[in-house]
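Enquirer: Residue numbers -28 to -1, 1 to 173, in mature numbering (1 follows the signal peptide of the UniProt record, and there is no 0), belong to the letters of the sequence shown in order. A virtual CB, placed ideally from N, CA and C, is assigned to each residue, including glycine.
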Amino acid sequence: MSVSWNWCSVLFFLIFSTPFSLLVDARSQSFDYPTAKLSTKWVNSPSAPHSVAFTDGSTVRAILLRGTFGPRYACGFFCNGACDTYLFAVFIVQTNSASSIVAPAIGFPQVVWAANRNNPVRINATLELTSRGNLVLRDADGTVAWSTNTNGKSVVGLNLTDTGNLVLFNKKNAAVWQSFDHPTDSLVPGQKLVEREETYS
């Protein structure tokens, strides 16, 4: 009798564990969103699809996320405290196997790069990758808070690399503009300090 129960438990394990692991893997891949095409616009809205509030008072609204499980790089809108103003930033967050940002009691988001530290924006601000290849951050009233100034430079898309580098690239996948050339908060592995550049925090 014990042999048949052992066989049943092995069979049960094989039937139910394999499809579940395949399902988890399929879900992981479908929610990894590290790139964007031209003419894409994001709005800093509380109803944004990847908006997560943390217990330390910070909130992230991810527009790009690289990776599927563990601490990963994301970029989007970030605020801390009262959340009256927001940065467009690259930050490290904890993700689950479905590439969803989780809000643990410890392990809050860590900003590694911010575009507009001296010019934060408000709710309903927009980030747009224009049809001409310029990445433009506008406040809620439409004023430009920050831009890559890459109009007409053959940009075809935006990519967040697995090292946390935000890159505007051309059709040859060469970087036209990258956040690594404009350090602000910290240096991350693989990043080099360019001559006459310095970090700001």
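Cutting at 6 Å between CB atoms, please list the residues of its own chain near THR12, excluding the five before and the five after it.
Expert: The residues are LEU101.
Enquirer: Measure from the alpha carbon of ASP134 to the alpha carbon of each residue in LEU10, THR31, LEU36 and ARG110, then state which is nearest.
Expert: If we check each option's Cα against that of ASP134, LEU36 comes out closest.
Enquirer: Quick one: grab the DSSP three-state call for PHE152.
Expert: DSSP places PHE152 in helix when its eight states are reduced to three.
Enquirer: Compare the beta carbon distance of LEU138 and CYS47 with 7 Å and say whether it is the shorter of the two.
Expert: Yes; because the gap between Cβ atoms is below 7 Å, this pair is in contact.
Enquirer: Can you grab the Cα-Cα spacing for the pair VAL116 / GLY79, in whole Å?
Expert: Rounded to whole angstroms, VAL116 to GLY79 spans 32 Å at the Cα level.
Enquirer: Is the distance from the Cβ of VAL62 to the Cβ of GLY136 below 7 Å?
Expert: Closer than 7 Å, so yes.
Enquirer: How big is the Cα-Cα spacing for ARG110 and THR57?
Expert: When rounded, the distance between both Cα atoms is 13 Å.
Enquirer: Within this structure, are the beta carbons of ASN90 and ALA112 separated by less than 7 Å?
Expert: Cβ distance not < 7 Å, so ASN90 and ALA112 don't count as in contact.
Enquirer: How far does the beta strand (DSSP E) with residue 198 in it reach, from first residue to last?
Expert: Coverage of the chain is limited to positions -28 through 173, which leaves residue 198 absent and any answer about it impossible.
Enquirer: Round the Cβ separation of ARG44 and VAL65 to the nearest angstrom and send it over; I've been treating them as touching at under 8 Å.
Expert: Confirmed, Cβ separation roughly 6 Å.
Enquirer: Taking the continuous beta strand (DSSP E) assigned at LEU99, which residues delimit it?
Expert: Taken as a continuous stretch (DSSP letters only), the beta strand (DSSP E) holding LEU99 covers 98 to 101.
Enquirer: State the DSSP-derived secondary structure class of SER71, mapped to helix, strand or coil.
Expert: Residue state, collapsed to three classes: coil.
Enquirer: What's the gap between the Cα of VAL160 and the Cα of THR120?
Expert: The straight-line gap from Cα to Cα measures roughly 21 Å.
Enquirer: Tell me, please, which residues DSSP counts as bridged to LYS13.
Expert: Answer is GLU100, bridged to LYS13.
Enquirer: What does DSSP give as the partner residues of VAL160 in its beta bridges?
Expert: DSSP lists no partner for VAL160.
Enquirer: Given this structure, state the Cα-to-Cα distance separating ALA75 from PHE26, to the nearest angstrom.
Expert: Straight-line Cα distance between these residues: approximately 5 Å.
Enquirer: By alpha-carbon positions, which one of SER158, GLY129, ASP157 and THR156 ends up nearest to ALA146?
Expert: Selected option, being the one with the closest Cα: GLY129.
Enquirer: How about VAL24 and VAL32: do their beta carbons lie closer than 7 Å?
Expert: Going by C-beta atoms, VAL24 is nearer than 7 Å to VAL32.
Enquirer: Below 8 Å on the Cβ atoms is my guess for THR7 versus TRP85; work out the distance and round it to an integer in Å.
Expert: The pair is not a contact, with the Cβ atoms about 18 Å apart (cut-off 8 Å).
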